[in-house]
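Chemist: Protein sequences appear in the order of chains A and B.
Mind the numbering: the first sequence is residues 54 to 546 in our numbering, read in order.
Mind the numbering: the second sequence is residues 11 to 150 in our numbering, read in order.
First, the structure itself, so that you have it in front of you.
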Amino acid sequence: MNNLVILPILIPLITATLLLLIPKKVKLQKVISVISLTATTIAAMVLVHNVYMNGIQTLEIGSWRPPFGIVLVADMFAALLVLTGVIVSFTCVLFSFRNIGKDRENFFFYAFTQFLITGVMGAFLTGDLFNLFVFFEVMLMSSYALIVLGGTKIQLRESIKYLLVNIISSALFVIALAYLYGLVGTLNMADVSDKIAQSGQTDIVTIVAILFLIVFGLKGGIFPLYFWLPGSYQAPPYAITAIFGALLTKVGVYSIYRIFTLIFYHEPQITHQIIAALAIITILIGAIGAIAYWDVKKILIYNIVTAVGVIIYGISIATETGYAGGIYYLVHDMVIKGALFLLAGAMFTITGTDNIKKMGGLIKRHPLLGWMFFTACLALAGIPPLSGFVGKILLAQGGLEQEHYIFVAVMLFSSLLVLYSVMKIFMNCFFREEVLSPKEEKGTTKGLVYPSVILIALSAFLGLGAEFVYPYVFEAAETLMDPSIYIQAVLKE
Amino acid sequence: MKVNDLILQTTTTLLTFIILIFSVYLFFAGHYTPGGGFIGGLMTSAALVLLLLAFDRKTIQKALPFNYLSIAAVGLMISVITGVIALFFDVPFLTHTFGYVELPLLGETALTSTLPFDLGVYLVVVGVAMTIIQTIGESE
C-alpha cells in the first residue's frame, strides 16, 4: 500500500475540476496550473526514487486485493515515463501562457490540459487492462477537445478524422478486451499474464495479441495505421501539437511495450516478427515523409513516426540492452519532440508561416532560438553527447548482438535522413538572407524560448549524465525482461 | 398564431414532480436494487428536459437559475474528495466505509461512503446532460 502512486493522477484531476469552476479567471487558472504541475513533478520524482530504492510500488485501490480490484503499479518503466511526461507537459503549459491566446484560454484550455495529463499518467500507472482503456478515453476525450478548441476550419476538418479513427480504435480495444476476458476470465495485467503462462499462449491468444497490436498501433501511429497522424497533428496550435507529439503517441508505444513484454511474450516468432517488420517500415515511411515536405510542422510530425518505429523495434530485440535502448530512446524522444515543437512554435510566432521557403535569416535577430533549434536537431539525430545518442547506441548494440542487421542499417540510415530533414529547416530558416524586416515580424519570442531551454537542458543531462540515468533505465529494462518480478509485486504470491 | 399548450403545461407541472421523485428513489435504491447515480441523474435531467419542452428557455432559467457546468464540476469534485478522504486515514485511495447509523426519522439505516461518491456521479450526469441540451438549444 502506497498512496504515493496515485498522486500523479490525482493532482491533475483535482486541478482540472478546480479550473472548471473558475472559467473566467485566466490569471488564477495559470497560477493554479503551475502550482499543480510543480506538485505533480515533485510527486513523480519521489515516485521514481521510491521505486529505485524499494522496487515496484503498487496501490490496491479501495483496499481490494488484486486480481479482484483495480491495482495501480509503478514499476521503473512507468515511473520514468510519468516523470518525463509531467516535465514535458509542464513546459508545454508554460509555453502556452504566452502563445495560446485569449479565445482558447477562456474556454477551459488549462482544464482540458490537466485532464489530458490525468489520462496519460493513469495510462502509464494502471495495472488493469480495462482501466487502461478508461484512461485512454480520458486522454482521448481531452485531446478531442484540445484539437478542436478555437474552431478554425482546418481544426474542424481534422478533428472529425481524428475522432473517427480514435472511436474505431477504441471500439476495437473493447472488442479485444472482450475476447481476452472470454479466454482468461480476468483483466488484471499480472493475473492475465499468469493465466496465459499457465495455459500456454494458444493460437487464439496470439490473434488477440495481434488485435491489441492493431489497437495500440492506431493510437501510436505505426506503419499501416499512422495515416491519420500527419493531418490531425497539423491542425491545432503548436502548444497543443507539442503536448500531443510528446505524450499521446508515446502512450500507445508504452502500451505495446507493456503487453508484449508482460502478457504476450510466449510466441515471439509470430508477434515480435510482425512488430519488427512494421517497425522497420514505420521508420522508413517517417523518414521519407520528413525529407519530402517543405513545411516545418509536417517535417517534425513525420519525425514522430520515425521515432515510434525506432522505439517499437526495441521489443523485437527482446534483450536487456534492446529494452534499455527502447526505454532510453522513448524518454529522450518525449523530451526532444516537446522541445522541437515548442521551438517551431516560437518560429511560427515570429514569421506567421510554416513554409520553409518563406523564412530566412532568423539567426540575426534570434540567435538563442536558432542555436537552441540547432542543438535540438543534433539531439534528435543522435549526435553525442546529447540524449539521442545513448538510446540509439544501445539499440544498435542490442540489434547487432541479436543479429538484426537490417534494423541497425535502417536505423542508422534513418538517422541520416532525420538529420537532413531538420537541418533543412535550420539552414533555410535561420541562414540565407533575411526575409522579414523587424517591422514585419508578427510577434516576439518573449517568454516563448525558456520552456524549450528547460527541455534541451534535460536532453543534455540525459546525454551527458547517462552514467547517472542508466541505472534507472537498466532497472526498468530488467523488469520488462522478467515478467515474474511484476507479477510477484502485484499478486504477492 | 399563438399556440395554446395549456394541456401540455399542466400535465408537465404534475409529471415533473413524479419523475423527480422517481429519480431520487432510483438514486437511493442503487446499493441494493437496480438504480444508482447514473440512471438517477439521467432521469432528473429528463424531468428538466420535459420542463424545457413545455415552457420556453427563459422561464426555466428564471425558475432554476443554475450554472449546469458548475454543477458538473462540483459533482466531480465531490466524487474525487470521497476518494481523497481515504488518504487521510492511511488506507488506499477510494477505500469506502460502511456502517449502521441511528437516524431521527428513518431509524437504523445502512449508510456507506459510496453514497457521496454516487451523489457526485449524479451531479455530473445532470450537469453534463443539461449543459449539452442547453448549449445546443441556445446556438443559432
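Quick reminder that beta carbons are idealized off the backbone N, C-alpha and C, glycines included.
1. Could you check what DSSP says for Phe148(A) in three-state terms: helix, strand or coil?
2. Buried or exposed: Gln110(A), going by 16 or more other Cβ atoms within 10 Å of its Cβ?
3. Going by the C-beta, is Lys78(A) closer than 7 Å to any heavy atom of the ligand SAM?
4. Cα separation between Ile77(A) and Lys206(A)?
5. According to DSSP, is Asp247(A) helix, strand or coil?
6. Closer than 8 Å is the cut-off here; do at least three beta carbon pairs connect the stretch 227 to 244 of chain A with the stretch 257 to 265 of chain A?
7. Please list, in chain order, the residues of the stretch 55 to 66 of chain A that have any C-beta partner in chain B closer than 8 Å.
8. Taking Pro102(B) as the query, report the chain A residues whose CB atoms sit under 7 Å from its CB, ordered along the chain.
9. If you reduce the DSSP assignment to three classes, tell me which class Gln110(A) lands in.
10. Tell me the DSSP bridge mates of Thr122(B)?
11. List the residues of chain A that Thr105(B) touches, going by C-beta distances under 7 Å, in chain order.
12. Compute the distance between the beta-carbons of Leu433(A) and Val475(A), then report whether it is under 8 Å.
13. So, is the C-beta of Leu396(A) closer than 8 Å to a C-beta in chain B?
14. Using 10 angstroms around the beta-carbon of Phe27(B), count the other beta-carbons present and answer buried if the total reaches 16, otherwise exposed.
15. In the DSSP assignment, the beta strand (DSSP E) including Ala127(A) goes from what residue to what residue?
16. Thr70(A) touches chain D at which residues, Cβ-Cβ below 7 Å?
17. Look at Phe226(A) and Phe186(A) and say whether their C-beta atoms are less than 8 Å apart.
18. Rounded to whole angstroms, what's the CA-CA distance from Asp535(A) to Leu100(A)? Just pull it up for me.
19. Return the residue from the list Ala231(A), His325(A), Val135(A), Arg210(A) that minimises the CA-CA distance to Ala299(A).
20. Would you tell me roughly how many angstroms separate the C-alpha atoms of Phe460(A) and Val471(A), rounded to the nearest one?
21. Could you check the C-alpha separation between Val135(B) and Ser33(B) for me, to the nearest Å?
22. Going by DSSP, which residues form a beta bridge with Asp256(A)?
23. Grouping DSSP H, G and I as helix and E and B as strand, with all else coil, what is Gly391(A)?
24. With 8 Å as the threshold, decide whether the Cβ of Leu73(A) is near any Cβ in chain B.
25. So, for Asp306(A): in the same chain, excluding its five sequence neighbours on each side, which residues have a beta-carbon less than 7 Å away from its beta-carbon?
26. Within 10 angstroms of its Cβ, does Arg311(A) collect 16 or more other Cβ (buried), or is it exposed?
27. Keeping to the same chain, check which residues put their C-beta closer than 6 Å to that of Asp244(A); ignore five residues upstream and five downstream.
28. Candidates Phe108(B), Val59(B), Thr92(B), Leu25(B): which alpha carbon is nearest Gln144(B)'s?
29. Examine the Cβ distances between the stretch 369 to 381 of chain A and the stretch 444 to 456 of chain A and report whether three or more of them are shorter than 8 Å.
30. Do you know offhand how far Ser116(A)'s Cα is from Ile357(A)'s?
31. Quick one: using the 10 Å Cβ neighbour count with 16 as the cut-off for buried, is Ser149(A) buried or exposed?
32. If distances are taken between C-alpha atoms only, which option among Gly180(A), Ile62(A), Ser223(A), Ala292(A) comes closest to Glu190(A)?
33. Checking contacts by CB at 8 Å: is Leu18(B) closer than that to chain A?
34. Candidates Ser80(B), Ile31(B), Ile17(B), Leu62(B): which alpha carbon is nearest Gly137(B)'s?
35. Is it right to say Phe76(B) is buried, meaning 16 or more other beta carbons lie within 10 angstroms of its own, or is it exposed?
Modeler: Put simply:
1. DSSP places Phe148(A) in helix when its eight states are reduced to three.
2. buried
3. Ligands are entirely absent from the displayed structure, and the ligand SAM is therefore not among its contents.
4. Reading off the sequence, residue 77(A) comes out as Lys, not Ile. So the two alpha carbons sit approximately 25 Å from each other.
5. helix
6. yes
7. For the stretch 55 to 66 of chain A, which is checked against every Cβ of chain B, the residues closer than 8 Å are Asn56, Ile59, Leu63, Leu66.
8. Met54, Asn56, Leu112, Glu113, Ile114, Gly115, Ser116
9. strand
10. Phe108(B)
11. Correct list: Gly115, Ser116.
12. yes
13. no
14. Sixteen is the threshold: since fewer than 16 other Cβ atoms of the shown chains lie within 10 Å of the Cβ of Phe27(B), the residue is exposed.
15. 124 to 127
16. No chain D appears in the structure shown, which is made up of the protein chains A and B.
17. yes
18. 21 Å
19. Val135(A)
20. 16 Å
21. 12 Å
22. Beta-bridge pairing links Asp256(A) to no other residue.
23. In the structure shown, Gly391(A) adopts helical secondary structure according to DSSP, grouped into three states.
24. yes
25. Residue identity check: residue 306(A) is Val in the sequence provided, not Asp. Same-chain partners within the cutoff: Gly273, Val361, Ile364, Ile365, Leu383.
26. buried
27. Pro120
28. Val59(B)
29. Because the criterion of three Cβ pairs below 8 Å is met, the stretch 369 to 381 of chain A and the stretch 444 to 456 of chain A touch.
30. 40 Å
31. buried
32. That would be Ser223(A), whose Cα lies nearest to the Cα of Glu190(A).
33. Judged by the 8 Å Cβ criterion, Leu18(B) is not in contact with chain A.
34. Ser80(B)
35. exposed
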